[in-house]
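Using the numbering used here, count along the sequence shown one by one with no gaps and you end on 1008. Reviewing the structure listed below.
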Amino acid sequence: ESVDEELKGTDTSKLPKNRRLTFCVEGNISVGKTTFLQRIANETIELRDLVEIVPEPIAKWQDVGPEHFNILDAFYAEPERYAYTFQNYVFVTRVMQEKESACGMKPLRLMERSVFSDRMVFVRAVHEANWMNEMEISIYDSWFDPVVSSLPGLIPDGFIYLRASPDTCHKRMMVRKRSEEGGVTLDYLRGLHEKHESWLLPSKGGASGVLSVSQLPVHLEGSLPADIRDRVFYLEGDH
Ligand code: DCP
């Protein structure tokens, strides 16, 4: 609700013509990003005309090419073999997804995740797990900055961080039972949680509010708006 209020309070008339606000919704696997976005799309009537929802391109990862390869499944089945290939494809599909939504007229755009959480959370996690070797992470790093800076549509005005404990996410993942995620462990979710936390660390505890983006690496900070630290909102999602 507080995020709805924040978005409703945004004075879009002050934006330059053709300038939309884009917020990326972040959070651990199964935290409820899709549900959150669907609620805004379907239930919050006042916001429906204001907000364009850009879901994560997961369907594109599950059905690649005429052979219908499921690259999400391939990644979880053989992570050492496919982590780089998968993260590379995730990036490309985000670029495609962003382009598809680039011409929308609604003043606010909410995107599920971003290339920044791909880099800060998942690529780090798979590298630490030794699923991406030094050569592969070096290749990823070498194209990430130049490609992101040449695609301004990927750069959000702010982030909304849906925050819940790894236990909660694990329980929700068990209920959802996405077939590819059968092998995702509570430990892996804990690692992803820590990476979200160190990237989007709350400046103060308590109820939903504004976060400061601490420890943002220089290369990411350069791509993001200068006052990005004031543009991260979080929602507690353990209930
Ligand atoms: N994934 C990944 N690397 C990325 C992005 C996603 O390995 N850079 C994986 C993690 C999940 C699946 O893709 O197995 C989708 O993850 P998300 O957390 O983005 O989406 P969910 O559907 O789990 O989110 P929610 O339940 O919050 O809607």
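Using N, Cα and C, we set each Cβ at its ideal position, and we do this for glycine too.
At a cut-off of 7 Å, is L841 close to the ligand GTP when judged by its beta-carbon and the heavy atoms of the ligand?
Ligands displayed in this structure: the ligand DCP; the ligand GTP is not among them.
When R788, I798, D818 and A871 are compared against T954, the one with the closest alpha-carbon
In terms of Cα proximity to T954, the closest of R788, I798, D818 and A871 is I798.
Can E950 be considered in contact with the ligand DCP, in the sense that its beta carbon sits closer than 7 Å to one or more heavy atoms?
Taken from the Cβ of E950, at least one heavy atom of the ligand DCP lies inside 7 Å.
Can you tell me whether DSSP reads T791 as helix, strand or coil?
strand
So F1002 is in the beta strand (DSSP E); what residue range does that whole segment cover?
V1001 to E1005
For M880, name the three-state secondary structure that DSSP assigns.
strand
Round the Cβ separation of E825 and G873 to the nearest angstrom and send it over; I've been treating them as touching at under 8 Å.
About 17 Å; that fails the 8 Å criterion.
Between the alpha carbons of R878 and F792, how many angstroms are there, rounded?
6 Å
Mind checking who Y930 pairs with in its DSSP beta bridge?
E795 and Y1003
Counting C-beta neighbours from all protein chains within 10 Å, is the total for R742 16 or more, i.e. buried, or is it exposed?
The structure shown does not extend to residue 742, since the chain is modelled only from 770 through 1008, so no value can be given for it.
Answer yes or no: the CB of Q831 versus the heavy atoms of the ligand DCP, is any distance below 7 Å?
Q831 Cβ: outside cutoff for every heavy atom of the ligand DCP.
Across which residues does DSSP place V833 in a beta bridge pair?
F838
Could you tell me whether any non-hydrogen atom of the ligand DCP is closer than 7 Å to the CB of K802?
yes
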